[in-house]
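Undergrad: Mind having a look at this structure? Questions to follow.
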Ligand SMILES: [Zn+2]
Ligand SMILES: [Zn+2]
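Residue numbers (the working numbering), protein chains in the order written: chain A, 1 to 490; chain B, 1 to 490.
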């Protein structure tokens, strides 16, 4: 490889980019703000997608697909929604090209102008609620528990691979319910699904909470979120679940006949996570040697590298690899044997380290004689000599161990990064050190805005688990009943 | 339900639409040409996707993701490609909306005009080969075996659900190879994958062949295809695999260092199937009672309907259903028990028939006494009384049987629909009857065009399996060495 990456302490932002590029996760395309997700990066996203999709289905959801384009007028139907979304969008105005009469390629055909412009979906509430209007007649049609895996576009001037791109991949759940209670239950259920996924698959501890009014999704009555902490002390919103009330039902006139024969507006939720999670995953565990992928999401869990001088030695190791392959297969562990003879073992070690393969097995001439292999774990770098008969079991155990260890380390970091702060001076000092600040706030958007302007810190969430205590707003001194979490964020 | 569908003999086209709509597969959206794929339809597509994706991976391919947008100038880089694709596209010209100064919603911000327009991908060869240029340096980087699952847009004025829509879902494989032979091998391998998928999963027999020059993909040197025959005697192209030669490598200047130290242009293939396959699947097996889904692609393979007068009877049947559920689960068979008490058994029978659920189990009071259930298969309508202890095994066998039977019936229909024709009069008469016509052709685009104009029949393919025989073109009488297949097509 020889591709050195920056260290976190020297240049965190460069370190992140180096990993994304050098571990073959993604790259910028020539189209402003649109990334190419490379096969290795996409393999991780596929593993995330599979796990989430299974959880959605287990909670009663089904997938469907809605149009990429949204008529411009739909966006203005829900007043708050348009304020939040209508601005930075890709707008389709024409539907045909024609040959340039000057013979220079193609030009847009001015005769093929659309009567109403189409917006490439930045999110699908409007087109979906326009559809639900046709699907919902009575309480018998409810609930509707639909999810969509899709690409969306939000024009961005300053982009970062995975973290902020004009086009990104995501899932968006859109559910319709007969009652407010049911809709809130659903909103909370999906927040729990996201939190469970983050913790069990991404080994990423999160704080569950609700957003302040000014950080709410455009059109929502309440936005629930999970917040994670990156290694540089900045927070990252990893998933949101919105209780939309009857806003979209009213905007698109979606009523249902109740059991009692009345007519009521339908209650709505929406919830989503995106390829942004890839950015969170990368920053959560990786180190100065490269990416670290939790075993449950690793496209490649175990790699074996032969060390040999003779053809005979290679054949010996290859025979062992063949046997191990069967044993790993039986355990559902993905394994590959890298016998590429154009690269040296040292090069391969560095490469798999860079790519974050959780377990590396090496086997040389002495191992062949002794019937052992060297097993290295990516997270700690620890190496062990293991007898052949024990390899499969040892690795199975190790993968679980690594998954747990990554979570434990991240959880410790998170727990140590929440600081209670009681004065404005303390606040300004502490925010420079990174992490979450737990502080009293007077509940006004004005104060929130002032704090943001002064420190770049935003209210990440009002934690669901919070103790009630009397206190005073860290900025204004006005009375407050509980603390909220501030941080600088991605 | 009460939703009557048209019969095939009376109005084939209406029959197709009725099934798509009434079986809850898809519907038109308010966005011209864009469909909504409903959960039940999407469930079938997901099953197809899963099966195909597995086959792609087994043949060494990986997934990736490339931008939705293509700079306009890219389309003109490959001369033939632009002729075939540049015309009917969705064109993004602006990236921002703003509030209408008159207070009426939002308008396109004239200040946010793109310097170069972006095209919503109609297919991704150009953006992908522009990317491959960065990935390929030497023979060591080859082959690249990448697939993408994506949405694409080709503006269409006349649309039909699944068969022809402006936006559709598909997969597009794009591979890069060091040699011509390897690329051709890949093209043929993927054609075989498609044919195997069509026959084993969709129970849809296909004819493998290559396209005549005028039916070739824009930019390809050779287009391989699989052709299927619908029940109305029209052909449907179900998948294509293109040998692109070095056309795209030359257009995007993608060369690689050979082992011997030279520089060569890279060889390319691309191959794809789309949600159009849903249209083929629907038309392949369904009957005047509704959809028929092959068991391997059915989102719901078995449904059980209780027939009862008392709560006690319902409880008895529900107990049986619980046991069966476990037995089916162990066999990997999807099963649901429909105890919705707002609908009568007769209504449910018709509904599941309409939706094409392969096996229906009914159990009434007498069955409870006798320890039997009634098992009905959707394809033939045949019913059997089966003792409880045998149900799981019987159904497992039945699902295989239905899968086979659907294929056998379709294969018989296909085999009986290929007619050898040796004169122009015969041709004109036969084409009205539908099916494939096997006829000699002089090999010229001119004759092909004349036949098309006279009869609406196109050359579907030059079959891969063909016998060489001397003959005379059915239109011009010019000498010909083998027969090709003509048909009217979707
Ligand atoms: Zn051990
Ligand atoms: Zn039987």
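Positions of the beta carbon are idealized from the N, C-alpha and C atoms, including for glycine.
#1: Which ranges would you report for the beta strand (DSSP E) in the region 20-47 of chain A if only whole runs of at least 3 residues count?
#2: From residue 188 of chain B to residue 224 of chain B, what does the alpha carbon distance come to, in whole angstroms?
#3: Check whether the Cβ atoms of residue 317 of chain A and residue 363 of chain A sit closer than 7 Å, and answer yes or no.
#4: By the criterion of Cβ-Cβ separation under 7 Å, what are the contact partners of residue 37 of chain A in chain B?
#5: Going by beta-carbon coordinates alone, are residue 165 of chain B and residue 33 of chain B separated by less than 7 Å?
#6: Counting contacts by CB-CB distance shorter than 7 Å, is residue 58 of chain A in contact with chain B?
#7: So residue 43 of chain A contacts chain B; which residues on that side make the cut at Cβ distance below 8 Å?
#8: Residue 105 of chain B versus chain E: which residues are under 8 Å apart at the beta carbon?
#9: Should residue 506 of chain A and residue 338 of chain A be called a contact, given that it needs their Cβ atoms to be closer than 7 Å?
#10: Could you run through the region 87-100 of chain A and flag, in chain order, every residue whose CB is less than 9 Å away from some CB of chain B?
#11: Taking the beta carbon of residue 72 of chain B as the centre, do at least 16 other beta carbons fall within 10 Å, making it buried, or is it exposed?
#12: Find the residues of chain A that neighbour residue 155 of chain B, judging by a C-beta separation of less than 7 Å, and give them in chain order.
#13: Taking any Cβ of chain B, which residues in the region 137-167 of chain A have a Cβ under 8 Å from it, in chain order?
#14: If contact means a Cβ-Cβ distance below 8 Å, which residues of the region 114-136 of chain A contact chain B?
#15: Against chain A, with Cβ distances strictly below 7 Å, would residue 336 of chain B count as a contact?
#16: Run through the DSSP bridge pairs and tell me what residue 173 of chain B is partnered with.
#17: Whole angstroms is fine: what's the gap from residue 109 of chain A's alpha carbon to residue 82 of chain A's?
#18: How would you write the range of the beta strand (DSSP E) that residue 61 of chain A sits in, first residue to last?
#19: Determine the closest residue to residue 127 of chain A out of A:158, A:184, A:152 and A:66, with distance taken between C-alpha atoms.
#20: Mind listing the chain A neighbours of residue 175 of chain B? Cutoff is C-beta to C-beta under 9 Å, in chain order.
#21: Can you tell me whether residue 115 of chain A is buried or exposed? The criterion is at least 16 other CB atoms within 10 Å of its CB, across all chains shown.
#22: When the distance is taken between beta carbons, is residue 235 of chain A closer than 7 Å to residue 227 of chain A?
#23: Between residue 18 of chain B and residue 6 of chain B, which are expected to be in contact by the criterion C-beta below 8 Å, what is the C-beta distance as a whole number of angstroms?
#24: Contact between the region 346-364 of chain B and the region 283-296 of chain B: three or more CB pairs below 8 Å?
#25: Could you pull the DSSP bridge partners for residue 236 of chain B from this structure?
#26: Nearest to residue 193 of chain A by alpha carbon, out of A:182, A:173 and A:439?
#27: Mind checking which residues open and close the alpha helix (DSSP H) that includes residue 449 of chain B?
#28: Determine the chain A residues that contact residue 169 of chain B at a beta-carbon separation under 7 Å, and present them in chain order.
#29: Have a look at B:463, B:475 and B:486 and flag the residue whose alpha-carbon is nearest the alpha-carbon of residue 456 of chain B.
#30: Since residue 270 of chain A meets chain B, which of its residues come closer than 9 Å, beta carbon to beta carbon?
#31: DSSP three-state call for residue 377 of chain A: helix, strand or coil?
#32: For the region 340-361 of chain B, which residues have a beta carbon sitting closer than 7 Å to at least one beta carbon of chain A?
#33: Just verifying my parser: in three-state terms, what is the DSSP assignment at residue 311 of chain B?
#34: According to DSSP, what are the bridge partners of residue 284 of chain A?
#35: Could you check how far apart the C-beta atoms of residue 201 of chain B and residue 48 of chain B are, in whole angstroms? I think they sit under 8 Å.
#36: So the alpha helix (DSSP H) residue 193 of chain A belongs to, where does it begin and stop?
TA: This is what the structure holds:
#1: 26-28 and 35-37
#2: As a working mapping, residue 188 of chain B is identified with position 188 in the second chain. As a working mapping, residue 224 of chain B is identified with position 224 in the second chain. Computed Cα separation, rounded: 8 Å.
#3: Along the first chain, one-based indexing puts residue 317 of chain A at 317. Along the first chain, one-based indexing puts residue 363 of chain A at 363. Their beta carbons are under 7 Å apart, which means residue 317 of chain A touches residue 363 of chain A by this criterion.
#4: Along the first chain, read from residue 1 onward, the residue named residue 37 of chain A stands at position 37. Going along chain B in sequence order, the residues near residue 37 of chain A (Cβ under 7 Å) are 64 and 65.
#5: Position 165 of the second chain, counted from the first residue, corresponds to residue 165 of chain B. Position 33 of the second chain, counted from the first residue, corresponds to residue 33 of chain B. In contact: residue 165 of chain B and residue 33 of chain B (Cβ atoms closer than 7 Å).
#6: The residue given as residue 58 of chain A occupies position 58 in the first chain. With 7 Å as the cut-off, residue 58 of chain A does not count as an interface residue toward chain B.
#7: Against the first chain, residue 43 of chain A aligns to sequence position 43. Result: 62 and 63.
#8: The chain labelled as chain E is not found among the protein chains of the depicted structure, namely A and B.
#9: Past the edges of chain A, shown from 1 to 490, lies residue 506 of chain A, and the structure says nothing about it.
#10: 87, 88, 89, 90, 91, 92, 93, 94, 95, 96, 97, 98, 99 and 100
#11: Position 72 of the second chain holds residue 72 of chain B. Buried, by the Cβ-count rule.
#12: Counting from 1 along the second chain, the entry for residue 155 of chain B is found at position 155. Those within 7 Å of residue 155 of chain B in chain A are 95 and 96.
#13: 140, 146, 150, 151, 153, 155 and 167
#14: 117, 118, 119, 120, 127, 130, 131 and 134
#15: Within the second chain, numbered from 1, the residue matching residue 336 of chain B stands at position 336. Output row for residue 336 of chain B: interface = no.
#16: Here residue 173 of chain B corresponds to residue number 173 of the second chain, with the count starting at 1. Residue 173 of chain B is bridged to B:147 and B:271.
#17: Residue 109 of chain A sits at position 109 when you count from the first residue of the first chain. Residue 82 of chain A sits at position 82 when you count from the first residue of the first chain. Approximately 30 Å, taken between the alpha carbons.
#18: The residue you call residue 61 of chain A lines up with position 61 of the first chain. Taken as a continuous stretch (DSSP letters only), residue 61 of chain A belongs to no beta strand (DSSP E), as it is neither H nor E.
#19: Stepping through the first chain from its first residue, residue 127 of chain A is reached at position 127. Selected option, being the one with the closest Cα: A:66.
#20: For the purposes of this step, residue 175 of chain B is identified with residue 175 of the second chain, where counting begins at 1. Under the 9 Å cutoff, chain A gives no residues; its nearest Cβ is about 12 Å from residue 175 of chain B.
#21: To locate residue 115 of chain A, count along the first chain from 1; it is residue 115. Looking at its Cβ environment, which holds fewer than 16 other Cβ atoms inside 10 Å, residue 115 of chain A is exposed.
#22: Locating residue 227 of chain A in the first chain gives position 227, counting from the first residue. Locating residue 235 of chain A in the first chain gives position 235, counting from the first residue. Yes.
#23: Position 18 of the second chain, counted from the first residue, corresponds to residue 18 of chain B. Position 6 of the second chain, counted from the first residue, corresponds to residue 6 of chain B. With 8 Å as the limit, residue 18 of chain B and residue 6 of chain B qualify as a contact, their Cβ atoms being about 5 Å apart.
#24: yes
#25: In the second chain, the residue the question calls residue 236 of chain B occupies position 236. In the DSSP output, where bridge partners are listed per residue, residue 236 of chain B has B:228.
#26: For the purposes of this step, residue 193 of chain A is taken as the residue at position 193 of the first chain. It is A:173.
#27: Within the second chain, numbered from 1, the residue matching residue 449 of chain B stands at position 449. 445-455 is the span of the alpha helix (DSSP H), which, as asked, contains residue 449 of chain B.
#28: Walking along the second chain from the start, residue 169 of chain B turns up at place 169. In chain order: 65.
#29: As a first step, residue 456 of chain B is located in the second chain; it is residue number 456 there, counting from the start. Closest by alpha carbon: B:486.
#30: For the purposes of this step, residue 270 of chain A is identified with residue 270 of the first chain, where counting begins at 1. Correct list: empty, because the minimum Cβ distance to chain B is about 16 Å.
#31: The count along the first chain starts at 1 and reaches residue 377 of chain A at position 377. Note: residue 377 of chain A maps to strand in three-state DSSP.
#32: 342
#33: Taking the first residue of the second chain as position 1, residue 311 of chain B is located at position 311. Three-state result, residue 311 of chain B: helix.
#34: Along the first chain, read from residue 1 onward, the residue named residue 284 of chain A stands at position 284. For residue 284 of chain A, which the question treats as bridged, DSSP gives no partner whatsoever.
#35: The sequence position of residue 201 of chain B within the second chain is 201, counting from 1. The sequence position of residue 48 of chain B within the second chain is 48, counting from 1. Right, the Cβ-Cβ distance comes to about 7 Å (below 8 Å), so this counts as a contact.
#36: The count along the first chain starts at 1 and reaches residue 193 of chain A at position 193. Per DSSP, residue 193 of chain A belongs to the alpha helix (DSSP H) from 180-200.
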